[in-house]
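Position 31, counted from 1, in the sequence shown is what numbering that gives the first Met the number 0 calls 30; the numbers after and before it change by one each time, with no gaps. Just so you know, even glycine gets a beta-carbon here, dropped at the ideal spot from N, CA and C.
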Amino acid sequence: MIPSGIILIGTMLIYAGFKLTTGSDFLQWTYQTLQIPLQGISDSLGGAIAIGFLVPFF
0 MIPSGIILIG TMLIYAGFKL TTGSDFLQWT YQTLQIPLQG ISDSLGGAIA IGFLVPFF
């Protein structure tokens with residue numbers, strides 16, 4: 000029961016920190032900083048070519 004309490008308190012502190020510093024939660028911040036720019040890159044011709052070259056390596 001103590002480890003679960005520590006995990007809950009830790010996540011609460013992380014959530015509160017993001018809420019105070021960015022004004023949004025962690026998922027919204029991740030969406031704005033990672034997903035939107037990556038969508039913009041993949042919508043261009045250069046991005047499509049880069050994805051085609053990078054797929055075999057990953």
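Just so you know, the alpha carbons of L19 and G46 end up roughly 35 angstroms apart. In this chain, P55 is not harboured by any alpha helix (DSSP H), its DSSP state being neither H nor E. For M11, the enclosing alpha helix (DSSP H) covers residues I1 to T21.
For the pair I13 and F25, the CB atoms are nearer than the 8 angstroms cut-off. Excluding five sequence positions before and after Q31, none of the CB atoms of its chain fall closer than 6 angstroms to its own CB.
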